[in-house]
Each structure stands twice: as C-alpha cells, then as structure tokens.
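Residue numbers (the numbering used here): 1191 to 1492.
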C-alpha cells in the first residue's frame, strides 16, 4: 500500500466530441472522468455523512483499515436478508444504521439507484453487451491528512472477487468514484493504466504499470471517475492538511455470486432504474493541460 512511484507523463484517453466516440473511448481505455455529476444537495449530504463516519474513529484506526469507511459495517446481514436485493429494504436498513432523515433517504435513493447507475449502465452496455444494472457495493474512502497512505497498483476485481470460484466468467463491473473534495496529486489523485495499454504487460510490475499510467487525474468536488473493475489504478498519499474524501459506489451488469447458480449475492444485487432520461451523447469534453489531457466530460447536458 505504500510503494513509492515516480510520476508518469503517458497520455490519457484522447478528447472526444460525441457520445458514441465517448463510449468508444471508455470501451478502449476502461475509465473516464465526468464533471459536475453530483448536485449541490447530493454533495452536501455525502460530505456530511462521510464526516460523521470519519469522526467515529481515530485517523490512525482509519489508516490501518485501508482508509475505507463501510456504511454497513455495523449492520451484519443474513444471506436471506431482502436488503441485499431490494432497494426499499436496503434504504431502510441504511437509514437506520446511519440515523438518516427522510430527505437524506430520498437523495440516496435517487443517487444510488437512478443517477449513478444510469451513467454506469450506458458505459457498461458498450463493454459487456448487457443492459441490466445492479447495485453491488458502496463505501467511503477517506485519506487522513498527512497520513502517507498510498494505494498500491491494483484492480478491484482481483480483491473483491477473490472468493468467487467462477471469477473468470464474471463480467467487469463499474466503480463510480465520487470526489467529495477537490483532488490533486497533493492529496491522493488517482492514476490509471488504460485497458489498451495493459494488454501486453506480461508479468505486472510497479515499474511496468507506472510507465504506462496516465498522469494523476485531478477532480473537483462533485466530479465522478467511472472505471471498470479490471482496470489497473493507484493513488498517492494525502500530504495536505485536510482529509481527502471520496464516495465509492459500484454497479454490475449481473448478480455476482461466490459460486455458480448460488442465489445469495456476494455483496448486493439490487436492480437499478438505469433508464433515466438523458445520455452521454450531450456531454462536452474538456482537457486540462496540466495533467496531460486527462479525459474529462461535463454532466450539465444529461
């Protein structure tokens, strides 16, 4: 988790000007940054909830557990619990766990089961040839200030699907990494190795991955980075004086289980309303010259 790296100047996905080329870019590279996804009220509620969870533990304890704040950590569920597969039951359980008010529950219902999966669904459809979208998991990631905690190069499915006996048959899923603070190389920006760059890596090493990685991807609070579960990524330590907060929601195109034909999902498998109006076709693109044309688009036209 603390492997030191040198900054790469390898190119990020090139800018595109249409929805189709944008989807093609995601299919090719496996990641993309979308600006202004979160509304002010969504951002405010996520920040408040994250801060409340953060204050329950010491910075040292949070660093020791990998900077992950599990929303449902204190609410163990039975395999048969309907909260694993029904949005209404999940939201009820979540609200009880976090003592959320009704307004918060409405915000999270829209965000978790409509807005984010609508985008994730469009991105996955072009990669997995599946139109279904299921909520798979959520948690917060908070890097305490001056914590020196780095996330080593990894792929989400290597870690999350380790116990799945049919892992090779499980289609890649999408992570929505929502910035709750402005993110830069100073406080833990993410780096990616695009899919088209990782195909001939052979035996992966830190040196090989870093040589093919994009520059650290900056983000403003409210931006969301979407990336596939089989994409290599890492992030640097937080050298700033404030916590670096992010909200992490994941979506799959199928129910993910530990064994074939098993009924109980590995985590959650809640069907989402991914038919939300709007599409990626109306998104504009923007480049940040300071970060080697990191791939960005705007959400204002959704």
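Where a beta carbon is used, it is the ideal one built from N, C-alpha and C, also for glycine.
Practice problem: Check residue 1327 in the structure and name its three-state DSSP category. | Solution: Indexing the chain shown from 1 puts residue 1327 at position 137. It is a strand residue.
Self-check item: Unbroken alpha helix (DSSP H) run spanning residue 1298, endpoints
Solution: As a position in the chain shown, residue 1298 is number 108, starting the count at 1. Segment 1292–1300, the alpha helix (DSSP H) holding residue 1298.
Quiz prompt | Unbroken alpha helix (DSSP H) run spanning residue 1400, endpoints | solution = What you label residue 1400 is simply residue 210 of the chain shown in a count that begins at 1. 1396–1402 is the span of the alpha helix (DSSP H), which, as asked, contains residue 1400.
Quiz prompt | Where residue 1458 falls: helix, strand or coil (DSSP) | solution = Sequence index remark: in the chain shown, residue 1458 carries index 268 (1-based). Residue state, collapsed to three classes: coil.
Self-check item: Min CB distance residue 1221 to chain B below 9 Å
Solution: Absent from the structure is chain B; it holds one protein chain and no more.
Practice problem: Report yes if the CB atom of residue 1328 is closer than 9 Å to the CB atom of residue 1438, and no otherwise. | Solution: Position 138 of the chain shown holds residue 1328. Position 248 of the chain shown holds residue 1438. Against a cut-off of 9 Å, the Cβ pair of residue 1438 and residue 1328 comes out as a contact.
Quiz item: Can you name, in chain order, every residue of its own chain whose Cβ lies under 6 Å from the Cβ of residue 1306, other than the five neighbours on each side?
Solution: Locating residue 1306 in the chain shown gives position 116, counting from the first residue. Closer than 6 Å at the Cβ level, and outside the excluded window around residue 1306, lie 1366, 1439.
Exercise. Check the C-beta distance from residue 1458 over to residue 1325 and give it rounded, since I have them as a contact under 8 Å.
Key: Your numbering for residue 1458 matches position 268 in the chain shown. Your numbering for residue 1325 matches position 135 in the chain shown. Indeed they touch by this definition, with Cβ atoms about 6 Å apart.
Exercise. Count the CB pairs spanning the stretch 1338–1355 and the stretch 1271–1282 that are closer than 8 Å, and state whether there are at least three.
Key: no
Practice problem: Give every residue of the same chain whose Cβ lies closer than 8 Å to the Cβ of residue 1355, excluding the five residues on either side of it in the sequence, and list them in chain order. | Solution: If you number the chain shown from 1, residue 1355 lands on position 165. The answer, listed in chain order, is 1448, 1449, 1450.
Practice problem: Could you tell me the distance, in whole angstroms, from the CA atom of residue 1238 to the CA atom of residue 1370? | Solution: Here residue 1238 refers to the residue found at position 48 of the chain shown. Here residue 1370 refers to the residue found at position 180 of the chain shown. Whole-angstrom Cα-Cα distance: 10 Å.
Quiz prompt | Integer-rounded CB distance, given that residue 1235 should sit under 8 Å from residue 1294 | solution = For the purposes of this step, residue 1294 is identified with residue 104 of the chain shown, where counting begins at 1. For the purposes of this step, residue 1235 is identified with residue 45 of the chain shown, where counting begins at 1. Rounded, the Cβ-Cβ distance is 6 Å, consistent with contact.
Quiz item: Name the DSSP beta bridge partners of residue 1344, please?
Solution: The residue given as residue 1344 occupies position 154 in the chain shown. In the DSSP output, where bridge partners are listed per residue, residue 1344 has 1423.
Quiz item: Are residue 1223 and residue 1414 close, meaning C-beta to C-beta below 9 Å?
Solution: Looking up residue 1223 in the chain shown gives position 33. Looking up residue 1414 in the chain shown gives position 224. Yes, Cβ-Cβ distance for residue 1223 and residue 1414 is below 9 Å.
Quiz item: Does the separation of the CB atoms of residue 1257 and residue 1343 fall below 9 Å?
Solution: The sequence position of residue 1257 within the chain shown is 67, counting from 1. The sequence position of residue 1343 within the chain shown is 153, counting from 1. When the beta-carbon positions are compared, residue 1257 and residue 1343 stay at least 9 Å from each other.
Quiz item: Run through DSSP, which three-state label would residue 1228 get?
Solution: Taking the chain shown and counting its residues from 1, one reaches residue 1228 at position 38. The answer is coil: DSSP assigns residue 1228 none of H, G, I, E or B.
Quiz item: What do you get for residue 1268, buried or exposed, if any count of 16 or more other CB atoms within 10 angstroms of its CB means buried?
Solution: In the chain shown, residue 1268 corresponds to position 78, counting from 1. It counts as exposed.
Quiz item: DSSP state of residue 1336, grouped into three classes?
Solution: Reading the chain shown from its first residue, position 146 is the one you call residue 1336. DSSP places residue 1336 in coil when its eight states are reduced to three.
Exercise. Express the C-alpha separation of residue 1232 and residue 1406 in angstroms, rounding to a whole number.
Key: Reading the chain shown from its first residue, position 216 is the one you call residue 1406. Reading the chain shown from its first residue, position 42 is the one you call residue 1232. Distance between the alpha carbons of residue 1406 and residue 1232 is about 25 Å.
Practice problem: Can you give me the start and stop residues for the alpha helix (DSSP H) that residue 1281 sits inside? | Solution: By 1-based counting over the chain shown, the position of residue 1281 is 91. For residue 1281, the enclosing alpha helix (DSSP H) starts and ends at 1277–1288.
Practice problem: Tell me whether residue 1278 is buried or exposed, calling it buried when 16 or more other Cβ atoms sit within 10 Å of its Cβ. | Solution: Here the question's residue 1278 lines up with position 88 in the chain shown. Result: exposed.
Quiz prompt | Span separating the alpha-carbon of residue 1399 from that of residue 1387 | solution = Along the chain shown, read from residue 1 onward, the residue named residue 1399 stands at position 209. Along the chain shown, read from residue 1 onward, the residue named residue 1387 stands at position 197. C-alpha separation (whole angstroms): 9 Å.
Quiz item: Considering only the beta carbon of each residue, do residue 1410 and residue 1372 sit closer than 9 Å?
Solution: In the chain shown, the residue the question calls residue 1410 occupies position 220. In the chain shown, the residue the question calls residue 1372 occupies position 182. Cβ distance < 9 Å, so residue 1410 and residue 1372 count as in contact.
Quiz prompt | Coil, strand or helix - residue 1240 by DSSP | solution = Along the chain shown, read from residue 1 onward, the residue named residue 1240 stands at position 50. Helix at residue 1240.
Practice problem: Determine the closest residue to residue 1378 out of 1404, 1419, 1430, with distance taken between C-alpha atoms. | Solution: Against the chain shown, residue 1378 aligns to sequence position 188. It is 1430 whose Cα lies nearest to the Cα of residue 1378.
Exercise. Can you grab the Cα-Cα spacing for the pair residue 1433 / residue 1255, in whole Å?
Key: Taking the chain shown and counting its residues from 1, the one referred to as residue 1433 is at position 243. Taking the chain shown and counting its residues from 1, the one referred to as residue 1255 is at position 65. C-alpha separation (whole angstroms): 15 Å.
Quiz item: How many whole angstroms separate the CB atoms of residue 1364 and residue 1435, which I take to be in contact at a CB cut-off of 8 Å?
Solution: On the chain shown, position 174 is the one that residue 1364 refers to. On the chain shown, position 245 is the one that residue 1435 refers to. The Cβ separation is near 21 Å, so there is no contact.
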